[in-house]
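What follows is a set of notes on a single structure, which appears directly below.
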Amino acid sequence: IYSPHLDQAFVTLATNDNYARGAMVLGKSLRNHQTTRKLVVMIGPHVSDPCKGVLLKIFDEVLLVDVLDSGDAAHLDLMKRPDLGVTFTKLHCWTLTHYSKCVFMDADTLVVQNIDELFDREELSAAPDPGWPDCFNSGVFVFRPSNETYSKLLQYCAEHGSFDGGDQGVLNGFFSNWATADISKHLPFIYNLSSIAIYTYLPAFKQYGANAKVVHFLGQTKPWSYTYDPKTKKVSGDMQETSTHPSFLLDWWFLYASSVVPMMTEGYGDQPFHSGCVEVSLEGSSTRFLPQCSSTSQEPHHTEPYVPPETSEERKQKWEQGQADYMGMDSFDNIQKKLDAFLK
Ligand code: UDP
Ligand code: GLC
Ligand code: MN
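If you count the sequence shown from 1, position 188 lands on 184 in the working numbering, and the numbers rise without skipping.
Here is the structure:
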């Protein structure tokens, strides 16, 4: 069968089962919006076999890669994201030289409209980072696999490190003229709409949000950090859904529960395996799905569910560092309540 795009692919990364769930939802969302390109997921050795099985059903290629870690605790600490050293692993995407052009997407992104037109762009095209718009966000970018670029990137890492301890710092250092050189390499924000922007510039979100093509659940709290009740179709603690805008978080969970969970339960015969969703009865309330993996497979520090920072001082610090928990503690509703209480 003639297919003109066999040498182009969407690429994502998952080093553990939680991010693998994100990758499954991302892959499904690309398929649901009829992409004509190949789908590739790079995985680390900690992804469990059942999760690999599901990834194989959704993606054209599941590639095992070495986990690269920046080991840069100091810079990661500035971002309050000690877990992001492993994002150096992303750089492996340049080794996929059996493709001529690719689009990398973080595993915490969700496609809400077809985005195949991104392949008309050149390396390195990306959208501005909401925290520092002269930097690009490395959650979505167009690139050309090349062993030469890959080794130059590794060399750059060795010589300069990363100013944020993760891949975004390296890539912005390496592609340092992105901000000024060529406007066609600036992707519109709708290709990497970070959920944070809904709260930082709500009027713009109301004006342009309906055009969103990719939603990025950037930040510490990921969709899989929440619990979902499949009966009421509600996400616990989801403050997003209002009459003015839909909840992308709910969209993510809906896709996960309706398309991914069924794939996890089928076809593993005698293997000790559960679906990846645990049913937990909370006193007096309905059954909820928690995103959890088979017990043997996770990296230690990703097993704990998300716990909000304890003291208000810590929260204040996080807020000032742009790490507010916009979908939970620091949501509009909660801030409004606080203000109301204060004014009374
Ligand atoms: N990632 C991963 N394992 C990790 C952390 C990150 O596989 O433990 C990958 C995953 O594809 C993820 C990307 O690296 O989407 C970037 O990390 P994250 O999305 O958490 O960063 P943020 O966008 O919140 O800054
Ligand atoms: C960012 C990007 C993410 C990247 C991280 C570390 O916030 O969204 O893709 O891995 O920074 O550099
Ligand atoms: Mn991300």
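Note that the Cβ used here is the ideal one computed from N, Cα and C, for glycine as well. All of these numbers come straight from a predicted model, not from anything done at the bench.
- In this structure, proline 124 keeps its C-beta atom at 8 Å or more from the C-beta atom of phenylalanine 137.
- In the three-state reduction of the DSSP assignment, glycine 40 falls in the coil class.
- Distance from the Cα of isoleucine 192 is smallest, within the candidate group Trp174, Thr217, Ser142, for Thr217.
- Where histidine 156 is concerned, the enclosing alpha helix (DSSP H) starts and stops at 143 to 156.
- Apart from the 5 residues on each side of it in sequence, isoleucine 111 sits with its Cβ closer than 7 Å to the Cβ of Tyr187, Lys209, Val210 in its chain, given in chain order.
- For alanine 206, no alpha helix (DSSP H) run applies, since DSSP gives it neither H nor E.
- For glutamine 164, the enclosing alpha helix (DSSP H) stretches over residues 163 to 170.
- Per the coordinates, the alpha-carbon of leucine 52 lies some 36 Å from the alpha-carbon of phenylalanine 201.
- By the C-beta criterion, the stretch 68 to 83 is judged to be in contact with the stretch 142 to 162, since at least 3 inter-stretch pairs fall below 8 Å.
- Check the Cα spacing between leucine 2 and each of Pro258, Tyr95, Ile194, Ala122: the tightest is with Tyr95.
- Residue Thr31 holds the alpha-carbon nearest to the alpha-carbon of valine 108 among Leu214, Thr31, Leu198.
- Glycine 135 has its CB nearer than 7 Å to a heavy atom of the ligand MN.
- The shortest C-alpha to C-alpha distance from phenylalanine 170 to any of Ser158, Gly127, Leu72, Thr176 is the one to Ser158.
- The C-beta distance from threonine 105 to glycine 135 rounds to 6 Å, short enough to fall under 8 Å.
- By the Cβ rule, the stretch 13 to 28 counts as touching the stretch 37 to 52, because three or more pairs are nearer than 8 Å.
- Counting along the chain, the unbroken beta strand (DSSP E) around threonine 105 starts and ends at 105 to 107.
- Ranked by Cα distance from cysteine 89, the options Asp178, Asp102, Phe244 are led by Asp102.
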